[in-house]
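>
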């Protein structure tokens with residue numbers, strides 16, 4: 011069975027300006043899909059009515075293609091399609107072409123083709139699942155987070171109007187780690203950037219014979235300075251000679267800044283996992299900058315947790331551009347169960 015790994019993203023559906031008695035995302039999705047037309051046909055059975063045309067200048071279409079009621083969740087496959095676009099092709103027929111006065115090159119021809127009659131090009135896909143107010147989704151190709159938000163805004167418009175005050179909604183991605191039990195699992199990497207990156211100002215040369223000096227632009231804890239000084243990192247990357255030439259090329263308003271990332275590769279040990287977590291905690295306490303901690307089930311960036319995890323999915327067939335529908339549903343439900351069991355989210 012062909013398998014591909016993709017990130018499962020998590021969002022919390024929140025209504026703004028409404029009380030806690032409002033229906034959940036899952037309930038609203040189920041209700042709107044149960045809505046019937048004058049012929050008594052539910053929206054489940056009317057794929058054309060599940061098509062949303064994006065506003066200009068985009069004018070592409072979002073289509074909720076496959077969609078199923080799983081009793082404990084609503085699960086759907088969404089396609090981003092383009093009706094008028096062209097697909098670039100490489101024609102494997104060679105030709106010699108004069109590209110300049112000096113160059114004659116052998117090339118392959120580039121072609122563009124429109125979609126066959128009765129079909130549209132798929133530019134992106136997403137598989138999403140609503141369980142209560144928990145939204146999980148997997149994105150493929152050019153499908154973005156904003157596309158999902160736009161589609162739910164369009165799909166749920168009628169259901170939101172039934173709620174007192176006609177509230178709006180948000181898909182919350184970040185959670186304050188001090189107010190949630192979320193744990194992002196085994197730490198895989200640390201990244202320090204922004205204010206926390208050691209910055210070095212270069213003092214302009216007054217006397218050509220005088221050496222140019224480098225001084226820190228701001229002071230941070232001594233341990234942090236020893237941990238990631240910018241100049242030694244640059245010297246390690248470029249070598250002494252190139253690092254020195256870089257320093258001498260800087261102007262009076264320029265400075266060196268290091269954006270450092272630390273990762274551990276290979277089979278992990280209990281000791282390395284604990285040590286990396288300890289370093290991550292101490293860094294967060296020692297700097298006012300942005301410390302990003304990447305883990306198995308998400309990341310913490312500047313004090314906010316973002317939940318996500320990478321999962322294997324079965325492809326429809328070898329080399330396929332899309333995933334096997336039933337397998338995606340099973341895998342996302344597995345992620346939900348694990349997040350609940352680990353205390354990352356509440357059932």
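Residue numbers (my numbering): 11 to 357.
Heads up, the beta-carbon is just placed ideally off N, CA and C, and yes, glycines get one too.
(1) Just the C-alpha distance for residue 173 and residue 25, rounded to the nearest angstrom, thanks.
(2) For residue 81, which option in 339, 350, 60 and 352 has the closest C-alpha, if you only look at C-alpha atoms?
(3) DSSP state of residue 335, grouped into three classes?
(4) Use the C-beta contact count for residue 87: other C-beta atoms within 10 angstroms, 16 or more gives buried, fewer gives exposed.
(5) Between which two residues does the alpha helix (DSSP H) harbouring residue 259 extend?
(6) Can you check which of these residues, 335, 318, 98 and 324, is closest to residue 354 by C-alpha distance?
(7) What residue from 134, 177, 170 and 258 has the CA that sits closest to residue 150's CA?
(8) At which residues does the beta strand (DSSP E) containing residue 81 begin and terminate?
(9) In terms of alpha-carbon separation, which member of 337, 145 and 171 lies closest to residue 159?
(10) I'd like the span of the beta strand (DSSP E) that includes residue 151, first residue to last.
(11) How would you label residue 105, buried or exposed, when you count the other beta carbons within 10 angstroms and need 16 or more for buried?
(12) Consult DSSP for residue 14 and reduce its assignment to one of helix, strand or coil.
(13) Using the Cα positions of residue 164 and residue 62, report the straight-line distance between them to the nearest angstrom.
(14) Tell me whether residue 112 sits in a helix, a strand or coil according to DSSP, three-state version.
(15) I'd like to confirm the pairing. Which residues does DSSP put opposite residue 57 in its beta bridges?
(16) Rounded to whole angstroms, what is the Cα-Cα separation between residue 13 and residue 346?
(17) Cβ of residue 130 within 8 angstroms of Cβ of residue 91?
(18) Report the three-state DSSP secondary structure of residue 355 (helix, strand or coil).
(19) Whose C-beta lies closer than 6 angstroms to the C-beta of residue 31 among residues of the same chain, with five residues either side of it excluded?
(20) Just how far apart, CA to CA, sit residue 16 and residue 22?
(21) Taking residue 128 as the reference, which of 98, 100 and 93 has the closest Cα?
(22) Can you grab the Cα-Cα spacing for the pair residue 176 / residue 162, in whole Å?
(23) Check residue 44 in the structure and name its three-state DSSP category.
(24) May I ask you to report which of helix, strand or coil DSSP gives residue 172?
(25) Contact defined as beta carbons within less than 8 angstroms: I believe residue 72 pairs with residue 157. What is the distance between those atoms, to the nearest angstrom?
(26) Distance check for residue 137 and residue 320, CA to CA, integer angstroms please.
(27) Does the Cβ of residue 341 have 16 or more other Cβ atoms within 10 Å, making it buried, or fewer, making it exposed?
(28) With residue 116 and residue 98 assumed to form a contact (beta carbons below 8 angstroms), what rounded beta-carbon distance in angstroms separates them?
(29) Take residue 79 and list the residues in its own chain whose beta-carbon comes closer than 7 angstroms to its own, dropping the five residues that flank it on each side.
(30) Considering only C-alpha positions, which residue in the set 263, 77 and 181 is nearest to residue 42?
(31) Buried or exposed: where does residue 181 fall if 16 or more other Cβ atoms within 10 Å of its Cβ makes it buried?
(32) For residue 330, which three-state DSSP category applies?
Looking at the coordinates:
(1) C-alpha of residue 173 to C-alpha of residue 25: approximately 10 angstroms in a straight line.
(2) Of all alpha-carbon atoms in 339, 350, 60 and 352, the one lying nearest the alpha-carbon of residue 81 is that of 339.
(3) Taken through DSSP and simplified to helix, strand or coil, residue 335 comes out as helix.
(4) Buried: at least 16 other Cβ atoms inside 10 Å.
(5) Following the DSSP letters along the chain, one finds residue 259 inside the alpha helix (DSSP H) bounded by residues 250-259.
(6) Among 335, 318, 98 and 324, the Cα nearest to that of residue 354 is on 318.
(7) Nearest to residue 150 by alpha-carbon distance, out of 134, 177, 170 and 258, is 134.
(8) Boundaries cannot be given for residue 81, as no beta strand (DSSP E) includes it and DSSP labels it neither H nor E.
(9) The shortest C-alpha separation from residue 159 is found at 145.
(10) Element bounds for residue 151: 144-151.
(11) It is exposed - the Cβ of residue 105 has fewer than 16 other Cβ atoms within 10 Å.
(12) The answer is strand: DSSP assigns residue 14 an E or B state.
(13) About 7 angstroms.
(14) If DSSP states are grouped into helix, strand and coil, residue 112 belongs with coil.
(15) Beta-bridge pairing links residue 57 to no other residue.
(16) Distance between the alpha carbons of residue 13 and residue 346: 20 angstroms.
(17) Taking a C-beta distance under 8 angstroms as the contact criterion, residue 130 and residue 91 qualify as a contact pair.
(18) Three-state result, residue 355: coil.
(19) None.
(20) Cα-Cα distance, rounded: 20 angstroms.
(21) Considering only 98, 100 and 93, the residue with the shortest C-alpha distance to residue 128 is 93.
(22) Straight-line Cα distance between these residues: approximately 15 angstroms.
(23) In the structure shown, residue 44 adopts helical secondary structure according to DSSP, grouped into three states.
(24) Assigned with DSSP and collapsed to three states, residue 172 falls in coil, not helix or strand.
(25) Indeed they touch by this definition, with Cβ atoms about 6 angstroms apart.
(26) When the Cα atoms are used, residue 320 and residue 137 turn out to be separated by approximately 14 angstroms.
(27) Buried.
(28) About 20 angstroms; that fails the 8 angstroms criterion.
(29) Counting only Cβ-Cβ distances below 7 angstroms, and skipping sequence neighbours, we find 40.
(30) Checked all of 263, 77 and 181; the closest Cα to residue 42 is 77.
(31) Residue 181 comes out buried.
(32) Coil, per DSSP.
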